[in-house]
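Heads up: the protein sequence lines correspond to chains A and B, in order. First residue of the first sequence? That's 1 in the working numbering, and the numbers climb one at a time after it. First residue of the second sequence? That's 1001 in the working numbering, and the numbers climb one at a time after it. Working notes for the structure below.
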Amino acid sequence: EPEVTQTPSHQVTQMGQEVILRCVPISNHLYFYWYRQILGQKVEFLVSFYNNEISEKSEIFDDQFSVERPDGSNFTLKIRSTKLEDSAMYFCASSEKRGTDTQYFGPGTRLTVL
Amino acid sequence: AQSVAQPEDQVNVAEGNPLTVKCTYSVSGNPYLFWYVQYPNRGLQFLLKYITGDNLVKGSYGFEAEFNKSQTSFHLKKPSALVSDSALYFCAVRANTGTASKLTFGTGTRLQVTL
């Protein structure tokens, strides 16, 4: 069964550094998403992406964040200057369509900012 | 704004007994409702969804959920729990509008099934 994959599984970085989290969505999916889960808290929506542009974003997704689909398979989340409060599990998801379609999630990248 | 409430942090049930994990939601218009399960060190796995039609939805691993519009609820159920069902369960809602895509999740309910 096709799966969403994410790399790395764990990333440790120093405050102020840039990080790029990578995702490979399911191959025939057209809609891509990033969510995050701070330890002990709920899963929160960050951004959705379709046709090479952001279609929806949350208040969390400020200028420090950006997303890109650099090629036909990868979908990346970049945090330009990490803060301590960016420490969280970041989940990538994809869906074939937007409407009623199911979003399938990757295993997550645990980001630790020191 | 859309929201989801999962009133129980943890549900304990004995193997073989029926289980219910509660979820209520708030959204403008008709909702799309989802249940996901998270095992330790794993991502969110899709269990089932309600879009329209029959209020009783059947999903993976013997789980089902009942949509109740008047009570704005979407409780997850299973007739006979297994120890392997022990995990963290998340209810999520998405608005039924043309541009909406984000899922809004509840805080999660930890299900503990014991022998």
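Each residue gets a CB set at the ideal place from its N, CA and C atoms; glycine is no exception. No experiment lies behind these values; they were computed from the predicted model shown.
Query: M89/A and R69/A closer than 8 angstroms at C-beta; Result: no
Query: Within chain B, partners of T82/A - CB distance below 8 angstroms; Result: Going along chain B, no residue has its Cβ under 8 angstroms from T82/A, so there is no contact; the nearest lies around 22 angstroms.
Query: Cβ of T1104/B within 8 angstroms of any chain A Cβ; Result: yes
Query: Which residues DSSP lists as bridging K1049/B, in chain order; Result: F1034/B
Query: Cβ shell of S73/A (< 7 angstroms), same chain only, five flanking positions each side left out; Result: V24
Query: Contacts of G1043/B in chain A (Cβ-Cβ under 7 angstroms); Result: F91, F105, G106, P107, G108
Query: Within 8 angstroms, strictly: CB atoms of L1103/B and F1046/B; Result: no
Query: Nearest-angstrom Cα separation, counted from R80/A out to Q14/A; Result: 12 angstroms
Query: Close-in-space but distant-in-sequence residues of the same chain around L84/A (CB under 7 angstroms, 5 per side omitted); Result: M15, V113
Query: Nearest-angstrom beta carbon gap, F49/A and Y35/A [assumed within contact, 8 angstroms]; Result: Their Cβ separation, rounded to whole angstroms, is 12 angstroms, which puts Y35/A and F49/A out of contact at 8 angstroms.
Query: Distance between S1080/B and F65/A (C-alpha atoms, nearest Å); Result: 44 angstroms
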